[in-house]
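J.: According to this note's numbering, the sequence shown is numbered sequentially starting from 5.
Don't be surprised by glycine CBs; every beta carbon is placed ideally from N, CA and C.
Note that the structure is a prediction, hence the values are computed from the model and not measured.
Got a structure for you, questions after.
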Amino acid sequence: MSSLSQNLSKIFGEAFTALGLPAALGAVRVSDRPDLAQFQCNGAMSAAKQAGKNPRAVAQDVLDALEGHAAFSKLEIAGPGFINIILDDAYIAAHLQVLGADEQFGVAPEGAGQKIVLDYGGPNIAKAMHVGHLRSSIIGDCLRRIYTFAGYDTIGDVHMGDWGTPMGMILSELTLMGHTGPVTMELLAEIYPRASASCKEDEARMALARAATKALQDGDPEATARWREFIEVSIAGMKANFDALGVHFDEWKGESDAHPFIESMITDYKARALAVESDGALVVNVAEPGDKKEIPPLILLKSDGAVLYGTTDLATIIDRIQAHNPVKIIYCVDQRQFLHFEQVFRAARKGGMVRDGRPELVFAGFGTMNGTDGKPFKTRAGGVMRLEDLIAMGLEKARARLEEADIAADLAPEEREDIAQKVAIAAIKFADLQNPRHSDYIFDLDRMISFEGKTGPYLLYQAVRIKSLLRKAGLGDIAAAPLKQSILILDDVVRPLALLLAEFPDHFQLALENFTPHVLCEYVYRLAQAFSSFYGSCHILSEPDEAVRAVRLALCAMTYRQIEAVMALIGVQIPERM
Ligand code: ARG
Numbered sequence: 005m006s007s008l009s010q011n012l013s014k015i016f017g018e019a020f021t022a023l024g025l026p027a028a029l030g031a032v033r034v035s036d037r038p039d040l041a042q043f044q045c046n047g048a049m050s051a052a053k054q055a056g057k058n059p060r061a062v063a064q065d066v067l068d069a070l071e072g073h074a075a076f077s078k079l080e081i082a083g084p085g086f087i088n089i090i091l092d093d094a095y096i097a098a099h100l101q102v103l104g105a106d107e108q109f110g111v112a113p114e115g116a117g118q119k120i121v122l123d124y125g126g127p128n129i130a131k132a133m134h135v136g137h138l139r140s141s142i143i144g145d146c147l148r149r150i151y152t153f154a155g156y157d158t159i160g161d162v163h164m165g166d167w168g169t170p171m172g173m174i175l176s177e178l179t180l181m182g183h184t185g186p187v188t189m190e191l192l193a194e195i196y197p198r199a200s201a202s203c204k205e206d207e208a209r210m211a212l213a214r215a216a217t218k219a220l221q222d223g224d225p226e227a228t229a230r231w232r233e234f235i236e237v238s239i240a241g242m243k244a245n246f247d248a249l250g251v252h253f254d255e256w257k258g259e260s261d262a263h264p265f266i267e268s269m270i271t272d273y274k275a276r277a278l279a280v281e282s283d284g285a286l287v288v289n290v291a292e293p294g295d296k297k298e299i300p301p302l303i304l305l306k307s308d309g310a311v312l313y314g315t316t317d318l319a320t321i322i323d324r325i326q327a328h329n330p331v332k333i334i335y336c337v338d339q340r341q342f343l344h345f346e347q348v349f350r351a352a353r354k355g356g357m358v359r360d361g362r363p364e365l366v367f368a369g370f371g372t373m374n375g376t377d378g379k380p381f382k383t384r385a386g387g388v389m390r391l392e393d394l395i396a397m398g399l400e401k402a403r404a405r406l407e408e409a410d411i412a413a414d415l416a417p418e419e420r421e422d423i424a425q426k427v428a429i430a431a432i433k434f435a436d437l438q439n440p441r442h443s444d445y446i447f448d449l450d451r452m453i454s455f456e457g458k459t460g461p462y463l464l465y466q467a468v469r470i471k472s473l474l475r476k477a478g479l480g481d482i483a484a485a486p487l488k489q490s491i492l493i494l495d496d497v498v499r500p501l502a503l504l505l506a507e508f509p510d511h512f513q514l515a516l517e518n519f520t521p522h523v524l525c526e527y528v529y530r531l532a533q534a535f536s537s538f539y540g541s542c543h544i545l546s547e548p549d550e551a552v553r554a555v556r557l558a559l560c561a562m563t564y565r566q567i568e569a570v571m572a573l574i575g576v577q578i579p580e581r582m
C-alpha cells in the first residue's frame, strides 16, 4: 500500500528508465496548480539538461512511452516541459477502495522490529512545570505517536531533572529547617525558591547545598531516603499534569539513572585520551575542523569533581543503548539547548557510542511560546505560568465557549464537562503543534479555543458533525463501514475529497522524516475544509439515487476515520457528540 503519488512515480519512473533515463526523474507530486492538473512530473527538464536535449521533446518521449496507460485520462506538456497529469476516475476509485480497507491509510510499517527512544517532558523535581515543558511534552508525545503508527517500537522517557544541585539545595534546606516529617508538594514549592535564592546570595549556604548534593550522589543512605521521598511526591504531581494533557511516558527515568554509568564512562574516556584535563576540569574537546562557530568542550567533571548536565546526558546514551539498542534517540527540547546537545552528540560519536550512524541522535528543538505581547508567556503578575494553571485556564475558557455557542447545552453535566475537557486539550495541543517546530508562537487562548478558523475545536466540531451524519444514516459503527462499493462513482463534488484522502501517506512521511507534526495539522485542517465544501455542495442523506448516496456516505465514513486517526496522532480525542 502506498500513496497515489508514489504509485504514479513508479509508473513514470519506468517510462523514464525505458528511455534510458534515471527512474528518480519520474517523481510525481500533487500539482501546484489544481486548476490545471491533479499531479505533475517535472523530471523532463533535468533529463533534458543531462542529455543535452529539448525538455519538451523529452516530455513528449515520456508521454509516448505512457500512451494508452489506463491510469491516465489526460497527459499534457505545459510550459518549458512540465507534464500535467489528470487521472482516470476508475484508477482513483480503485486506489481509494484499497486505501479505505487499509487500517494504516496507506502508511507502510517501515519501523517494524526497530526501537526508538524519545526524550521529552523533561520536568525538574521540586520545581513546578512551566509552559516550556508543555511544548516538549506535546511535541514529544506527538512524535512518539507518529513513530508508533509507522510501526516502530517506541519508548517515551520523561528524563526528569532529579540529580543536580537543586536536589542538594532542598536536602540542605530540610536539614536547616529541622524538618523530619513527610515532604509534600506544597512544602517543596515553598522551600525550593527560598533555598535557591539564599544559595545565590550566600556562598556558605551554597557550600551546604553542594555538600548535600555530593552526599546524595555518593549514595549516603539518609540523603538518598529523603531524596526518594520528595522524588515520589514530585512524580505524583507531574503525573496529574501529564494525565490531564493525555501525554504518555513508558519510562519515568531521570538524570539520576545515568549515575551508575558515569564512573566507568569517565575511566574509559580518560584511558583513550578522549577526556583531558583543562583548568582542573575534565573535558572532551568536541570542536571539529569545519565548524563555523566555536563549539566549546563538553565538561564531564568540574574541578570539584561534580558531574554536570552534559555528563548525565552522555551517560544516559549508554544506558539507553544497553537497555534498548535503539535506531534513533530523539530529543524534544527547547531550541536554546541546541549547543548542549551538539556537544553531547559529538562526544558520543567520538567515544564510539554511535557506530555506523546507530543510534542516530536527533535534536528536535522547538521555539518559545510567547504571550500576546510577543514576550515569553508569563502570568498576569509577571511570574512563570505553571502548566497546571494553564490547563485549568483552558478548561475554564472551553466551558464558557460551549455555553456561549450553545453547544452541548442539552447534554448531561458530566458529558458536557467531558466535552469541555476534550475541547480544551484539542485547543492547547493543536495551537502548539500547528506551528513549524522551530518557530516561536503566540499563546492566545481566546483565539485557539474558537470554533472557527484553524483551531482544535473547529476540527472536533467538524468531526462530530460527520459522526452524527453517519449515525443518522445508520452507520454508527464507523469502523465497520468501510468503502464497500465495488464501483466508486466519482464526480466533481466527490473527486477533490477523494484525492485529498489519498494524499495522507505523503504528508505522514514528511512529518515522520522531519519530526514535524505541523504537516499533519495542516493536512487534517485541509481535510476538514474539503469535507465542508463537499458537504455544502451536495445532498448526502437526502440524495435520492441509492448508488450516489452510498458512495457519498462511504466517503464520509472514510473522511471521519482519517480525521480521527490524524487527531489521535496529534493526541486529541473526538467526543461522541457535541
Ligand atoms: N530538565 C531539562 C530542563 O528543564 C530538560 C531535559 C531535556 N532532556 C535531556 N535529555 N537533557 O531544561
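Any idea if L573 is buried or exposed, counting beta-carbon neighbours within 10 angstroms, 16 or more meaning buried?
T.: Against the sequence shown, residue 573 aligns to sequence position 569. Buried.
J.: Quick one: residues with CB closer than 6 Å to any heavy atom of the ligand ARG, in chain order, please.
T.: Listed along the chain, these residues meet the criterion: D123, G126, N128, H163, G165, D317, Y335, V337.
J.: Whole alpha helix (DSSP H) runs in the stretch 78–107 with 4 or more residues, listed along the chain?
T.: Here the runs fully enclosed are 93–105.
J.: From I15 to P59, what does the alpha carbon distance come to, in whole angstroms?
T.: Against the sequence shown, residue 15 aligns to sequence position 11. Against the sequence shown, residue 59 aligns to sequence position 55. Here the C-alpha atom of I15 lies approximately 19 Å from the C-alpha atom of P59.
J.: Tell me the rounded alpha-carbon separation between N583 and A112.
T.: This structure cannot speak to residue 583, because the chain is shown only from 5 to 582.
J.: Going by C-alpha distance, which of I299, F455, Y445, H328 is nearest A404?
T.: Along the sequence shown, read from residue 1 onward, the residue named residue 404 stands at position 400. It is F455.
J.: Looking only at DSSP bridge pairs, what is V311 linked to?
T.: Counting from 1 along the sequence shown, the entry for residue 311 is found at position 307. L305.
J.: Please check the pair F370 and R139, which I expect to be a contact at CB under 8 Å, by giving their CB distance rounded to whole angstroms.
T.: In the sequence shown, counting from the first residue as 1, residue 370 sits at position 366. In the sequence shown, counting from the first residue as 1, residue 139 sits at position 135. Sure, about 5 Å apart at Cβ, within 8 Å.
J.: According to the Cβ coordinates, are V290 and I299 closer than 8 Å?
T.: Position 286 of the sequence shown, counted from the first residue, corresponds to residue 290. Position 295 of the sequence shown, counted from the first residue, corresponds to residue 299. Result yes, Cβ atoms of V290 and I299 sit closer than 8 Å.
J.: I need the boundaries of the beta strand (DSSP E) containing S541, first residue and last residue.
T.: Reading the sequence shown from its first residue, position 537 is the one you call residue 541. Segment 522–541 is the alpha helix (DSSP H) holding S541; no beta strand (DSSP E) there.
J.: Go ahead and pull the three-state DSSP assignment for Y335.
T.: One-based indexing of the sequence shown puts residue 335 at position 331. Of the three classes helix, strand and coil, the one that applies to Y335 here is strand, per DSSP.
J.: Can you tell me whether DSSP reads P509 as helix, strand or coil?
T.: Looking up residue 509 in the sequence shown gives position 505. Helix, per DSSP.
J.: Report yes or no: do three or more beta-carbon pairs, one from the stretch 262–275 and one from the stretch 319–331, lie closer than 8 Å?
T.: yes
J.: Within 10 angstroms of the Cβ of F342, are there 16 or more other Cβ atoms? Answer buried if so, exposed if not.
T.: Position 338 of the sequence shown, counting from 1, holds the residue named residue 342. So F342 counts as exposed.
J.: Please list the segments of the beta strand (DSSP E) lying wholly inside the stretch 146–208, counting only runs of 3 or more residues, in order along the chain.
T.: The stretch 146–208 contains these whole beta strand (DSSP E) runs: 157–161.
J.: Hey, how far is the Cα of F497 from the Cα of S536?
T.: As a position in the sequence shown, residue 497 is number 493, starting the count at 1. As a position in the sequence shown, residue 536 is number 532, starting the count at 1. Just to set this straight, residue 497 is Val in the shown sequence, not Phe. Roughly 11 Å between the two C-alpha positions.
J.: Identify which residue in K332, P548, E259 has its Cα closest to the Cα of D360.
T.: Here residue 360 corresponds to residue number 356 of the sequence shown, with the count starting at 1. Cα-wise, what sits closest to D360 is K332.
J.: Please return the same chain residues whose Cβ sits closer than 7 Å to the Cβ of T376, not counting the five positions on each side in sequence.
T.: As a first step, residue 376 is located in the sequence shown; it is residue number 372 there, counting from the start. For T376, where only same-chain residues beyond five positions count, the Cβ hits under 7 Å are I446, D448.
J.: M452 by DSSP, collapsed to three states: which one?
T.: Position 448 of the sequence shown, counting from 1, holds the residue named residue 452. If DSSP states are grouped into helix, strand and coil, M452 belongs with the helices.
J.: For K382, tell me which candidate among L70, L29, G136 has the shortest Cα-Cα distance.
T.: By 1-based counting over the sequence shown, the position of residue 382 is 378. Nearest option by C-alpha distance: G136.
J.: From the DSSP output, read off the bridge partner residues of K382.
T.: Numbered from its first residue, the sequence shown carries residue 382 at position 378. Answer by DSSP bridge pairing, in chain order: V388.
J.: Could you check if K119 is buried or exposed, using at least 16 other CB atoms within 10 Å of its CB as the buried criterion?
T.: Residue numbering aside, residue 119 sits at position 115 when the sequence shown is read from its first letter. So K119 counts as buried.
J.: Give the DSSP-derived three-state secondary structure of Y445 in the structure shown.
T.: Translated into the one-based positions of the sequence shown, residue 445 becomes position 441. DSSP places Y445 in strand when its eight states are reduced to three.
J.: At the level of alpha carbons, what is the spacing between G117 and A277?
T.: To locate residue 117, count along the sequence shown from 1; it is residue 113. To locate residue 277, count along the sequence shown from 1; it is residue 273. Using only the alpha carbons, I get a separation of about 37 Å.
J.: Throw me the rounded Cβ distance for the Q44 and R33 pair, which I believe falls under 8 Å.
T.: By 1-based counting over the sequence shown, the position of residue 44 is 40. By 1-based counting over the sequence shown, the position of residue 33 is 29. That pair is a contact at about 6 Å.
J.: Exposed or buried, which one is N245 when buried takes at least 16 other CB atoms within 10 Å?
T.: Working through the sequence shown from its first residue, we reach residue 245 at position 241. By the 10 Å Cβ count, N245 comes out buried.
J.: Return the residue from the list D93, E259, A402, P38 that minimises the CA-CA distance to H163.
T.: Locating residue 163 in the sequence shown gives position 159, where the first residue counts as 1. Among D93, E259, A402, P38, the Cα nearest to that of H163 is on E259.
J.: From M397 to P579, what does the alpha carbon distance come to, in whole angstroms?
T.: Within the sequence shown, numbered from 1, the residue matching residue 397 stands at position 393. Within the sequence shown, numbered from 1, the residue matching residue 579 stands at position 575. Computed Cα separation, rounded: 20 Å.
J.: For I453 and Q108, I'd like the C-alpha separation in whole angstroms.
T.: What you label residue 453 is simply residue 449 of the sequence shown in a count that begins at 1. What you label residue 108 is simply residue 104 of the sequence shown in a count that begins at 1. Each residue's Cα considered, the two are about 30 Å apart.
J.: Taking the beta carbon of S443 as the centre, do at least 16 other beta carbons fall within 10 Å, making it buried, or is it exposed?
T.: Your numbering for residue 443 matches position 439 in the sequence shown. Answer is exposed; the Cβ neighbour count stays below 16.
J.: Alpha carbon to alpha carbon, how far is M357 from D272? Give it in angstroms, no decimals.
T.: As a working note, residue 272 is residue 268 in the sequence shown. As a working note, residue 357 is residue 353 in the sequence shown. When only Cα atoms are considered, D272 and M357 end up about 12 Å apart.
J.: Check the C-beta distance from A193 over to A240 and give it rounded, since I have them as a contact under 8 Å.
T.: Taking the sequence shown and counting its residues from 1, the one referred to as residue 193 is at position 189. Taking the sequence shown and counting its residues from 1, the one referred to as residue 240 is at position 236. Taking a contact as a CB-CB distance under 8 Å, the pair A193 and A240 does not count as one, their CB atoms being some 13 Å apart.
J.: Can you give me the C-alpha to C-alpha distance between A532 and E114, rounded to a whole angstrom?
T.: Taking the first residue of the sequence shown as position 1, residue 532 is located at position 528. Taking the first residue of the sequence shown as position 1, residue 114 is located at position 110. Those two C-alpha atoms are separated by around 28 Å.
J.: Alpha carbon to alpha carbon, how far is M181 from P197?
T.: Translated into the one-based positions of the sequence shown, residue 181 becomes position 177. Translated into the one-based positions of the sequence shown, residue 197 becomes position 193. For the pair M181 and P197, the Cα-to-Cα distance works out to about 15 Å.
J.: Could you check where the beta strand (DSSP E) with D360 kicks off and where it finishes?
T.: For the purposes of this step, residue 360 is taken as residue 356 along the sequence shown, with counting starting at 1. Careful: D360 lies outside any beta strand (DSSP E) and carries neither H nor E.
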